[in-house]
Amino acid sequence: MDNPTYYNVHNRFKLNGFHLDRDDLCRVAYSFIKEGEAYERPVGAFLLDWFDEKDYIEMTTSGTTGAPKKIRISKQAMVNSALATGDFFELAPGNKVLHCLPAKYVAGKMMFVRAFILGLDIDFVEPTSTPLERNEETYDFAAMVPIQAQHSLDKLGQVKKLIIGGAKVSSVLAEELKKIPTAIYETYGMTETITHIAAKRVGEEAFQVLPGITVAEDERHCLVVNAPAISEEIVVTNDVVKVLNDHEFIWLGRIDNVINSGGIKLFPEQIEEKLSHKIDRRFFIASQENEELGEKLVLAIEGDPYVIDDEAFGELGKYEKPKVVLFIPKFLETPTGKLLRKESLASI
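Residue numbers (UniProt numbering): 1 to 348.
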């Protein structure tokens, strides 16, 4: 059977309990734009874009590694991405799905595309930090960002399969999530790859790519993604990885963040992982220029200064211990909640 196209709306698709076809969705879109809540208006705009005559959608990248930019993504590529997700997570027509992400960003848009294409029964709710509050429904599938999962720990049992993306799952949160019977996955992806291209069960080390995708390393040891059904071009990332085979990789950190201190390459994300149980505020590892070492390691903590016990650094290797601790009143972030390290440092 031929793959569905972006013209199709599956006959099992439901939105908030109602069977809707293409024409119904266009009417809903106008209603959302004219009379909807603030979180519904971007859905209205997306629905009208999806069902217009163009074969692409314009999206804005998150701006994690530079200025956000507009890119065009093929609607058929988004359909292919939805099919790969459905295949990987074994989603079936009629599955009950919770959508609690902002529709402004690619992950929120893709939840709707999966529902249209796979015939999912989708409950779309306001994207708050507590999306399951006052909700007793059981769901086959849901997608959240880490802060939503963190604030829903006592309710996550209502979801059979949960994917978490948008930011790294900390080791502290991972330990909590492992206690929950739900099948919980951390995902890897970006706007350019139309949301996730790989996933791993929380607590596991290696990401496994979705069907139809292969990965490799470039000369910088950064991840290269080949996903012909999703992107015509090979996607070269700034994520330093260890590729195990063309379907599995271990994420080490971002090349933009790598610190060269006295000739030793240090990955801030790995040091942060070791400190995550020791520091109960938001923090990050960065560097400052240093005449002797080239770069010296800096620990930045959000909020008012306090005295840190030396035991906090007990798990760190010889070169991983910060030379300086800085306190920053408020960290700077992208609109999607990703930390802007250099800008936060520069703010003081």
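All C-beta atoms in this analysis are idealised placements derived from N, C-alpha and C, irrespective of residue type, glycine included.
- 9 Å or more divides the Cβ of VAL9 from the Cβ of ARG27.
- Between the beta-carbon of LEU345 and that of ALA300 there is about 6 Å, and that keeps the pair under the 8 Å contact cut.
- Judged by beta-carbon spacing, PRO68 lies within the 9 Å limit of THR334, meaning their Cβ atoms are closer than that value.
- Around PHE46, the same chain offers ALA103, LYS109 as residues with beta carbons nearer than 6 Å, after the five sequence neighbours per side are excluded.
- Shown here, ASP21 sits in coil according to DSSP, grouped into three states, outside any helix or strand.
- Its Cα nearest to that of ASN226, the residue THR237 stands out among THR182, THR237, GLU343.
- Under the DSSP assignment, LYS75 falls outside any beta strand (DSSP E), being part of the alpha helix (DSSP H) whose first and last residues are 75-88.
- Taking a cut-off of 8 Å on C-beta distances, the stretch 178-187 does not touch the stretch 115-130, as fewer than three cross pairs fall below it.
- GLY263 sits in coil when the DSSP states are folded into three classes, being neither helix nor strand.
- Within the same chain, HIS151 come within 6 Å of THR130 by CB-CB distance, once the 5 residues on both sides are set aside.
- Under DSSP, TRP251 takes part in a beta bridge, and its partners are VAL241.
- ASN260 and THR61 have their alpha carbons spaced roughly 28 Å apart.
- In the three-state scheme derived from DSSP, where H, G and I count as helix and E and B as strand, VAL9 is classed as coil.
- Secondary structure of GLU273 (DSSP, three-state): helix.
- Residue pairing by DSSP places GLY294 opposite ASN290 in a beta bridge.
- Note on geometry: alpha-carbon atoms of ARG281 and GLU272 lie some 12 Å from one another.
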